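Worksheet: the structure to be examined is printed underneath.
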Amino acid sequence: MKNPVHLSTPLDGDSIGKLKIHDVVTLSGTVFTARDMAHLKLKELYRKGAPLPEIFTGGVIFHAGPVVKRANGGFRVLTIGPTTSIRMEPHSDFIGAIGIRAIVGKGGMDEESLRAFKKYGMVYLLAAPGCGVLHAQAVREVKRVYWLEEFGMPEAIWVLEVADWGPLTVAMDSHGNSIFQAIQEEGLRKLDGLVKG
Amino acid sequence: MKGLENKLSGVFLDSLVRGVTGISPDVLNLMKGALQQEESPPAKAMLEAMLKNVELAQKLKKGVCQSPGIPCLYVRCSPEMTGMDIRRIAGESILRATQEGYLRPSIVHPLTRKNTGDNSGPGIPNIEMEVDPALDYLELIVSFKGCGPELFNAFKTFTPESLGENLEGLKRFVLETVIHAGGKPCPPIGLGIGIGGQMDGAAKLSRKAISQRKWDDQNPDPQLNHLEQGLLEKINQLGIGPGGVGGKTTALAVKIDMAYTHTAICPVAVNFHCWVARRFGFRFYSDGRTEEVL
């Protein structure tokens, strides 16, 4: 494993541009959880020209729905881990346009995302899947939450403060590279041989 | 029956909490074995993170993964015990576990997407019940698997021709399904395959095979056992690896269940299970004795 590069929010174009697939990072600062419903609603607000709940410039979206407990008038994250990012594939260009510069998720994304990552200078960071307790340890604070009543706990936007979160793997970079694409192509090359063997 | 139901309630909640704060011992052993096998540093790092997460979950008494999926119950029981209100007992335990933060409230209306807030709702949990006069107990196996992997489940109705020589048609379908799923279903995966029946039958068998069998067991049917081992070996040559970062460990297990079908068709369903196999099971005898089975 390479030595991790440390990133802090807001992310700047320079540090994102330097990242290449297989690099490893740790992350500190503010991250926004967002899944299907949050993306749809943000997009709808944006289309109407209505204000968005936050300024997302240089921001990080975490594809995740935490388990959260109410505590001392606020919230505490019990567990949080990445959800399957490919569901958010149709929203990549939009989130690039509103200023997001990194996505943290699992399983990777596809062509449309690679194009958006190149266009806006964004990266996809892979978080270990199924590791809800491990990732929760990096969460220092729940700062705010949007749309909790409307969408429920998993689909709300949770604004979290994280510290030294990682290691996260750069799995898609801003230069058109994806570790997932390369692995899939390799699998397809082997397919005929494996079926016959 | 009421007394038995109360006893079952108590056992159920305790087992549920134990079940979701760890992973099944058979799967944990396979994960540890996989770590010994892997050579590439990213694959090793991924498996190490997963194993560390299990340790932390047990130490801190937290759910291993934030995503409980749709809880599934597999019930087999003697005709005398069919009167027990399993749906109520399971529903109450799931509610408590949700309130205590072991399970995330993840259940919504399929069209309005409104979250019920407590993991309840029509058809939840998913219960499959089988009555067997040969039994003198009620056996309950409860499985929680993340729902991301469900996005990649696949179904195909084969014909005698399209099954292919040496089942090459079936093998191609399974391998293509796994390649396209890639790192998305939280590998190392368990793969359930249901063969036979009609569409619904094959789909149910595919889920059941991977949700309630031990992942290190052998299929008692020699032909299916051979197919399971062969497919597992081939899947692990695809190079997808833990978390999709590349490596030797794409699947920990392939489990196949079968029913007879019609002479015109061969339905095949493929069901993905994440590595986070949270399960528990017990037998509950009419005299109140319980026995763990998973």
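Residue numbers (our numbering), protein chains in the order written: chain Z, -10 to 186; chain G, 1048 to 1341. Glycine included, each C-beta is placed from N, C-alpha and C at the ideal position. Here the structure is a predicted model, which is why all the values come from computation and not from measurement.
Per-residue contacts from Asn1200(G) into chain Z (C-beta, under 7 Å): Chain Z residues near Asn1200(G): none, gap ~13 Å exceeds 7 Å.
8 Å contact criterion, which Gly188(Z) and Gly1229(G) should meet: CB distance rounded: Outside the displayed span of chain Z (-10 to 186) sits residue 188(Z), for which this structure offers no information.
Along chain G, which residues have their Cβ under 8 Å away from the Cβ of Ala117(Z)? Those within 8 Å of Ala117(Z) in chain G are Met1093, Ala1096, Met1097, Asn1100, Gly1290.
Compute the Euclidean distance between the alpha carbons of Lys37(Z) and Ile146(Z), then round it to the nearest angstrom. Straight-line spacing of the CA atoms in Lys37(Z) and Ile146(Z) works out to 20 Å.
Is Lys1231(G) closer than 8 Å to His1320(G) when the C-beta atoms are compared? Taking C-beta atoms as the reference points, His1320(G) and Lys1231(G) fail to come closer than 8 Å.
How many whole angstroms separate the CB atoms of Gly88(Z) and Gly47(Z), which I take to be in contact at a CB cut-off of 8 Å? That pair is a contact at about 6 Å.
At 8 Å on the CB atoms, spell out the chain G contacts of Phe140(Z), in chain order. Those within 8 Å of Phe140(Z) in chain G are Arg1160, Asn1162.
Distance check for Ser1071(G) and Leu1060(G), CA to CA, integer angstroms please. In this structure, the alpha-carbon of Leu1060(G) lies about 17 Å from that of Ser1071(G).
Which residues in chain G sit within 8 Å of Gly121(Z), going by Cβ to Cβ distance? Against Gly121(Z), the close residues of chain G are Asn1100, Ala1104, Lys1109, Gly1110, Val1111, Cys1112, Gln1113, Ser1114, in the order they occur along the chain (beta-carbon pairs closer than 8 Å).
Of all the options Glu1186(G), Ile1174(G), Pro1196(G), Leu1299(G), which has the alpha carbon lying nearest to the alpha carbon of Val1317(G)? For the residues Glu1186(G), Ile1174(G), Pro1196(G), Leu1299(G), the minimum Cα distance to Val1317(G) belongs to Pro1196(G).
Under 8 Å, Cβ to Cβ, is there at least one residue of chain G near Thr46(Z)? Answer no: the Cβ-Cβ gap between Thr46(Z) and chain G never drops below 8 Å.
Contact the segment 102 to 111 of chain Z vs the segment 161 to 168 of chain Z: 3+ CB pairs below 8 Å: Verdict: yes, contact present.
For the segment 1133 to 1178 of chain G, list the beta strand (DSSP E) runs that are entirely contained and at least 3 residues long, ordered along the chain. If you keep only unbroken beta strand (DSSP E) runs of at least 3 residues inside the segment 1133 to 1178 of chain G, you get 1173 to 1178.
CB contact check: Thr19(Z) to chain G, cutoff 8 Å: Between Thr19(Z) and chain G, the shortest Cβ-Cβ separation is not below 8 Å.
Less than 8 Å between the C-beta atoms of Val93(Z) and Val20(Z), yes or no? In this structure, Val20(Z) lies closer than 8 Å to Val93(Z) by Cβ.
Beta-bridge partners of Arg133(Z), as assigned by DSSP: Paired residues: Val148(Z).
Between Gly1244(G), Asn1166(G), Met1097(G), Ala1092(G), which has its C-alpha nearest Cys1119(G)'s C-alpha? Nearest C-alpha to Cys1119(G): Asn1166(G).
What residue from Gln1084(G), Leu1214(G), Ala1249(G) has the CA that sits closest to Lys185(Z)'s CA? Nearest C-alpha to Lys185(Z): Leu1214(G).
What residues of chain Z sit near Ile1236(G), judged by a beta carbon separation below 7 Å? None at all; the shortest Cβ gap to chain Z is about 11 Å.
Residue-chain proximity (Phe64(Z), chain G), Cβ-Cβ < 8 Å: Taking Cβ atoms only, chain G never reaches closer than 8 Å to Phe64(Z), which makes this a no.
Just the chain Z side, please: which residues come within less than 7 Å of Ile1287(G) by C-beta, in chain order? What Ile1287(G) touches in chain Z: Ile172, Gly176.
Apply the 10 Å Cβ neighbour rule to Arg1260(G) and answer buried if 16 or more other Cβ atoms are within range, or exposed otherwise. Buried, since its Cβ has 16 or more Cβ neighbours within 10 Å.
Say yes only if the C-beta of Gly1170(G) is nearer than 7 Å to one or more non-hydrogen atoms of the ligand SAH, and no if none qualify. The ligand SAH is not part of the structure shown, which contains no ligands of any sort.
Is there contact here, the segment 1296 to 1307 of chain G with the segment 1050 to 1066 of chain G, by at least three beta-carbon pairs under 8 Å? The segment 1050 to 1066 of chain G and the segment 1296 to 1307 of chain G do not touch, with fewer than three beta-carbon pairs separated by less than 8 Å.
Under 8 Å, Cβ to Cβ, is there at least one residue of chain Z near Gly1241(G)? Cβ-Cβ to chain Z under 8 Å: no for Gly1241(G).
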